[in-house]
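Engineer:
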Amino acid sequence: MSEQTNDLKAQSGLDLNVPAGNPDIEPPELSVVIPVYNEEAGLRTLFDRLYPALDALHARYEVIFINDGSRDRSPLILSDQYRKRPDVTRVVLFNGNYGQHMAIMAGFSQARGQSVITLDADLQNPPEEIGNLLAKLREGYDYVGTIRQNRQDSWFRRHASRAMNNLREKITHITMTDQGCMLRGYSRQVVQMLNQCEEGRTFIPALAYTFASRPIEIEVAHEERFAGESKYSLYSLIRLNFDLVTGFSTMPLQAFSLLGVALALGSTALFFLLLVRRFVFGAEVEGVFTLFALIFALIGVLLFGVGLLGEYIGRIYEQVRGRPRFVIQAILEQDPRG
-3 MSEQTNDLKA QSGLDLNVPA GNPDIEPPEL SVVIPVYNEE AGLRTLFDRL
47 YPALDALHAR YEVIFINDGS RDRSPLILSD QYRKRPDVTR VVLFNGNYGQ
97 HMAIMAGFSQ ARGQSVITLD ADLQNPPEEI GNLLAKLREG YDYVGTIRQN
147 RQDSWFRRHA SRAMNNLREK ITHITMTDQG CMLRGYSRQV VQMLNQCEEG
197 RTFIPALAYT FASRPIEIEV AHEERFAGES KYSLYSLIRL NFDLVTGFST
247 MPLQAFSLLG VALALGSTAL FFLLLVRRFV FGAEVEGVFT LFALIFALIG
297 VLLFGVGLLG EYIGRIYEQV RGRPRFVIQA ILEQDPRG
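In our numbering, the protein residues as written are -3 to 334.
1. Contact check, Glu142 vs Arg108 under 8 angstroms by CB: the rounded distance?
2. In the structure shown, what three-state DSSP assignment does Pro48 receive?
3. When you compare the stretch 40 to 48 with the stretch 111 to 119, are there three or more beta-carbon pairs, one atom per stretch, that lie closer than 8 angstroms?
4. Cα-Cα, which of Ile214, Gly306, Val32 is closest to Pro71?
5. Hey, would you say Phe199 sits closer than 7 angstroms to Val186, going by beta carbons?
6. Need the endpoints of the beta strand (DSSP E) that Gly65 sits in, please.
7. Who are the Cβ neighbours of Gln7 in its own chain at under 7 angstroms, not counting the five residues just before and after it?
8. Buried or exposed: where does His54 fall if 16 or more other Cβ atoms within 10 Å of its Cβ makes it buried?
9. For the alpha helix (DSSP H) holding Ser70, just list the boundary residues, first then last.
10. Considering Cα atoms alone, identify which of Arg184, Val216, Leu190 is closest to Gly176.
11. Is Thr264 helix, strand or coil when you go by DSSP?
12. If you follow the alpha helix (DSSP H) that Pro201 is part of, which residue opens it and which one closes it?
13. Identify every residue that forms a DSSP beta bridge with Ser183.
14. Should Ile295 be labelled buried (16 or more other beta-carbon atoms within 10 Å of its own) or exposed?
15. Apart from the five residues on each side of it in sequence, which residues of its chain come closer than 6 angstroms, Cβ to Cβ, to Ala16?
16. Leaving out five residues before and five after Arg81 in sequence, what residues of the same chain have Cβ atoms less than 7 angstroms from its Cβ?
17. Under 8 angstroms, with one C-beta from each stretch per pair, do the stretch 261 to 272 and the stretch 317 to 327 reach the 3-pair mark?
18. At what residues does the alpha helix (DSSP H) containing Val55 begin and finish?
19. Please report the straight-line C-alpha distance between Arg40 and Ala293, rounded to a whole angstrom.
20. For the beta strand (DSSP E) that contains Ala326, what are its first and last residues?
21. Could you check what DSSP says for Thr173 in three-state terms: helix, strand or coil?
22. Straight-line CA distance for Gly196 to Ile212?
23. Use the C-beta contact count for His97: other C-beta atoms within 10 angstroms, 16 or more gives buried, fewer gives exposed.
24. Let's test the definition: count the other Cβ atoms within 10 Å of the Cβ of Tyr313 and tell me whether it reaches 16, buried, or not, exposed.
25. Sorted by chain position, which residues of the same chain lie with C-beta nearer than 6 angstroms to Arg69's C-beta, five sequence neighbours on each side aside?
26. Could you check if Ser27 is buried or exposed, using at least 16 other CB atoms within 10 Å of its CB as the buried criterion?
27. In chain order, what residues of the same chain lie with their CB nearer than 6 angstroms to the CB of Leu30, ignoring the 5 residues before and after it?
28. Since Ser27 is in the beta strand (DSSP E), which residue starts that stretch and which ends it?
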């Protein structure tokens, strides 16, 4: 990544470590935060659609791209775009890959707009929808969630997402019809609250919902991914949902406590049943395999419970280490000092 940064310095001829902003300069009305990870194939098409859509809003805006440790030419393409539109474009370069949500948090820390909208770089959420979210923020809503219409994802992805939505709502009591859509709008007040959080792992849409006093959801279009493939593997999706559940509720631990009580009562009842049968029918060997099956099932439940407990302990461990959530290596932006 250091070689890429040196290339950017040489090509742009700019100081990449200028301050994030100047309080004396009037802030824009809108900040658009876009995390980027290995998206070189679709970035130029994104630019061709994004900037005209934003120009049509007739509002002061800025676009903040966060390069999340891309291994392709994404940083150089972002640098080229910065040179074309330096007045409204800023590029944040990470020194490694920290994940989509940490990239968005970095964008929030840099955003200066009164309204902030997040957008994926893969063009599955059309940039033309930004105006609809901004309109709701102008109406006074402080959090604008979105619901994808006619989703272009696979059958498994759609139904798995729906199942996790239902499970998450029951566990966390956070109402989001479509938790997987990152095209969302946030007021300045909500963003400031998010910036005060220091969690090592989080799920931004759910966290923002807990701070919002007047949320709303609207329907948005959804398109097929323009190029490349999803950066979320099955493991990443499972990992993300574990973070979501364990980061916003202790109900799983309480459920396992209740399950432990039920199993203890059931085991006690089984012990007395076997004791009575021993006195009534004498020694028996029937049911040995059934007993083994019950034992293995209980061991599986126990191991799952230990793993769940480990998730919570792991979050505590990461938090007490106090390491930076992300490291910004450089920033491409106009020097507000002139």
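Here a beta-carbon is modelled for each residue, glycine too, at the ideal position from N, C-alpha and C.
Structural biologist: By the coordinates alone:
1. As a first step, residue 142 must be located in the sequence shown, where it is residue number 146. As a first step, residue 108 must be located in the sequence shown, where it is residue number 112. Note that residue 142 corresponds to Thr in the displayed sequence, not to Glu. About 23 angstroms separates the CB atoms of Thr142 and Arg108; that is not less than 8 angstroms, and the two are not in contact.
2. As a first step, residue 48 is located in the sequence shown; it is residue number 52 there, counting from the start. DSSP places Pro48 in helix when its eight states are reduced to three.
3. Yes, since at least three Cβ pairs between the stretch 40 to 48 and the stretch 111 to 119 fall closer than 8 angstroms, the two stretches touch.
4. As a working mapping, residue 71 is identified with position 75 in the sequence shown. The option with the nearest alpha carbon to Pro71 is Val32.
5. Here residue 199 refers to the residue found at position 203 when the sequence shown is read from its first residue. Here residue 186 refers to the residue found at position 190 when the sequence shown is read from its first residue. Their beta carbons are not under 7 angstroms apart, which means Phe199 does not touch Val186 by this criterion.
6. Here residue 65 corresponds to residue number 69 of the sequence shown, with the count starting at 1. Looking at the DSSP string, Gly65 is not in any beta strand (DSSP E), and its letter there is neither H nor E.
7. As a position in the sequence shown, residue 7 is number 11, starting the count at 1. Because Gln7 carries a pLDDT of 44, less than 50, the predicted location of this residue cannot be relied on, and the following value inherits that uncertainty. Closer than 7 angstroms at Cβ, skipping near neighbours: Ser75.
8. The residue labelled residue 54 in the question sits at position 58 within the sequence shown. His54 counts as exposed, since fewer than 16 other C-beta atoms from the protein chains shown sit within 10 angstroms of its C-beta.
9. Counting from one through the sequence shown, the residue named residue 70 turns up at place 74. Note, Ser70: alpha helix (DSSP H), 70 to 80.
10. Translated into positions along the sequence shown, residue 176 becomes position 180. Checked all of Arg184, Val216, Leu190; the closest Cα to Gly176 is Val216.
11. Translated into the one-based positions of the sequence shown, residue 264 becomes position 268. Thr264 falls in the helix class under three-state DSSP.
12. Residue 201 sits at position 205 when you count from the first residue of the sequence shown. Unbroken alpha helix (DSSP H) run through Pro201: 200 to 207.
13. As a working mapping, residue 183 is identified with position 187 in the sequence shown. According to DSSP, Ser183 bridges with Ser111.
14. Position 299 of the sequence shown, counted from the first residue, corresponds to residue 295. Ile295 should be labelled exposed.
15. Sequence index remark: in the sequence shown, residue 16 carries index 20 (1-based). Confidence at Ala16 is low in this model, with a pLDDT of 44, below 50, so its placement is unreliable and the value that follows should be read with caution. Around Ala16: Gln106.
16. Within the sequence shown, residue 81 is the residue found at index 85, counting from 1. Excluding sequence neighbours, Arg81 sits near Tyr47.
17. The stretch 261 to 272, when compared against the stretch 317 to 327, does not touch it at the 8 angstroms Cβ threshold.
18. Mapped onto the sequence shown, residue 55 falls at position 59. The sequence given here places Ala at residue 55; Val does not occur at that position. Here Ala55 belongs to no alpha helix (DSSP H), and DSSP marks it neither H nor E.
19. Numbered from 1 along the sequence shown, position 44 holds the residue referred to as residue 40. Numbered from 1 along the sequence shown, position 297 holds the residue referred to as residue 293. Using only the alpha carbons, I get a separation of about 53 angstroms.
20. Along the sequence shown, read from residue 1 onward, the residue named residue 326 stands at position 330. Residues 324 to 328.
21. The residue given as residue 173 occupies position 177 in the sequence shown. Of the three classes helix, strand and coil, the one that applies to Thr173 here is coil, per DSSP.
22. For the purposes of this step, residue 196 is identified with residue 200 of the sequence shown, where counting begins at 1. For the purposes of this step, residue 212 is identified with residue 216 of the sequence shown, where counting begins at 1. Each residue's alpha carbon lies about 27 angstroms from the other.
23. For this step, residue 97 is matched to residue 101 along the sequence shown. The residue is buried, with at least 16 neighbouring Cβ atoms inside 10 Å.
24. By 1-based counting over the sequence shown, the position of residue 313 is 317. Burial call: exposed.
25. The count along the sequence shown starts at 1 and reaches residue 69 at position 73. Excluding sequence neighbours, Arg69 sits near Glu36.
26. The residue labelled residue 27 in the question sits at position 31 within the sequence shown. The C-beta of Ser27 has 16 or more other C-beta atoms within 10 Å across all chains shown, which makes the residue buried.
27. On the sequence shown, position 34 is the one that residue 30 refers to. According to the sequence displayed, residue 30 carries Ile and not Leu. If you ignore the 5 residues before and after Ile30, its C-beta comes within less than 6 angstroms of the C-beta of Phe61, Leu115, Ala117, all in its own chain and listed in chain order.
28. Here residue 27 refers to the residue found at position 31 when the sequence shown is read from its first residue. Here the beta strand (DSSP E) through Ser27 covers 26 to 32.
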